[in-house]
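Asks:
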Amino acid sequence: MGVASTSLCDFLLVCRDSFSLLPSRSLSLPFPPTFPSSFVRRKYVFFVLFLGLFVVNLNANAILLGQSKLIGYNKLTPKRRDGVNASCEPDYNWANNDAGISPCVMAAAIEACETGPHTVPPLSIGSYYNPPSLETNTVNVCQCSWANYNLVSMCTVCQGQAVSLSPWASYTVECDGFTESNSYYPSNYEALLPSNNSIPLYAQTNPATQWTNGVFNVTQAQAVVNGTLSLQTSATSQSTSSKPIAAIIGASVGGTVVLLCFTGILFWHSPVVEYATFNN
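Quick note: the sequence shown uses my numbering, first residue 8, plus one each step.
(1) I'd like the span of the alpha helix (DSSP H) that includes CYS101, first residue to last.
(2) Does the separation of the CB atoms of VAL180 and TYR209 fall below 7 Å?
(3) Between ASN92 and PRO128, how many whole angstroms is the CB-CB distance? I'm expecting something under 8 Å.
(4) Checking 7 Å against the spacing of the C-beta atoms, do ALA230 and GLY221 come in under that value?
(5) Taking the continuous alpha helix (DSSP H) assigned at THR163, which residues delimit it?
(6) Which of the three DSSP states, helix, strand or coil, is assigned to VAL225?
(7) As a quick exercise: from LEU130, VAL112 and ILE132, pick the residue whose alpha carbon is nearest that of PRO124.
(8) Counting only the same chain and skipping the five closest in sequence on each side, list residues whose C-beta sits under 7 Å from that of ALA154.
(9) Decide if THR186 is buried, meaning its Cβ has at least 16 other Cβ atoms within 10 Å, or exposed.
(10) Report the residue from ALA228, ASP183, THR126 and ASN104 whose alpha carbon sits nearest the alpha carbon of LEU141.
(11) Residues in the same chain with beta-carbon distance under 8 Å from SER94, minus the five sequence neighbours each way, listed in chain order, please.
(12) Just to confirm before moving on: does the CB-CB distance between TYR196 and PRO138 stay below 7 Å?
(13) Tell me which residues share the same chain as MET161 and place their Cβ nearer than 6 Å to its Cβ, disregarding the 5 neighbours each side in the sequence.
(14) For VAL164, count neighbouring Cβ atoms within 10 angstroms of its own Cβ and tell me buried if that reaches 16, exposed if not.
(15) Excluding the 5 residues preceding and the 5 following VAL159 in the sequence, name in chain order all residues of the same chain whose CB lies nearer than 6 Å to its CB.
(16) So what does PRO174 bridge to, in DSSP terms?
Pasting the structure below:
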């Protein structure tokens with residue numbers, strides 16, 4: 008064991024002397040580390056670009072989904088009722104919603120979802136409210152909804168102008184692609200309505216199947232309110248508008264993920280200047 012120990016020590020000494028003959032290399036790094044201005048600018052440009060695109064994406068998603076309240080836009084408020092001059096006769100108070108809001112006021116609020124404030128003027132004898140029209144840019148999922156047709160019709164009747172009612176088929180003649188097949192109003196826009204602008208039951212019904220001959224019927228509407236006539240409508244107000252919400256959500260989320268990944272790659276793999284120096 009003694010001989011082996013001596014030989015091992017000699018071997019280690021020889022190895023030490025051999026390594027000492029090799030050229031020494033020392034690594035020196037600047038401290039604190041510094042970066043060239045171009046490198047810093049590139050990092051900041053990518054970061055600002057990412058934030059800008061992310062905000063644009065968020066705004067676009069919110070607008071597509073109708074959830075503009077998420078990004079600071081004003082929600083539909085009672086201020087939109089300033090242009091409502093039409094008033095119902097007292098005998099039609101039953102047509103008001105739970106908050107006592109008249110059908111004319113409700114119609115003005117729900118029509119304003121995409122085209123801004125609406126005015127509901129009083130009707131003169133023999134006059135009527137114009138249906139949605141491409142010429143006047145009033146064709147959208149809100150004005151072509153069951154709820155809007157029913158409320159506008161009720162607003163017409165409560166002013167004593169029942170003879171001016173239009174059939175549902177005539178009212179929606181230019182609404183191809185914007186009418187709902189199983190809901191009374193787009194849910195994403197209904198969420199933006201003032202809390203006291205709840206849509207009454209008679210306005211939630213399908214005009215094509217509820218009313219005789221597809222024309223708003225005030226007697227049947229009152230029967231719906233009184234509970235003596237079953238309501239022919241969908242169970243909920245889930246939207247099936249021409250813009251597929253599920254597809255929009257999927258595309259928005261996917262676009263955000265791709266944007267994040269792309270910006271991250273650019274951010275972390277931009278050229279880096281090496282400052283390490285080796286001294287022989």
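Every residue gets a Cβ at the ideal spot worked out from N, C-alpha and C, and that includes glycine. The structure displayed is predicted, hence computed values, not measured ones.
Replies: With the given structure in hand:
(1) Note that residue 101 is Trp in the sequence shown, not Cys. Run containing TRP101: none; DSSP gives neither H nor E here.
(2) no
(3) 5 Å
(4) no
(5) 153-164
(6) helix
(7) VAL112
(8) ILE117, TYR191, TYR192, ILE206, ALA210 and GLN211
(9) buried
(10) ASP183
(11) SER109, CYS111, PRO129 and GLN166
(12) no
(13) ALA102 and PRO110
(14) buried
(15) ALA114 and TYR136
(16) VAL222
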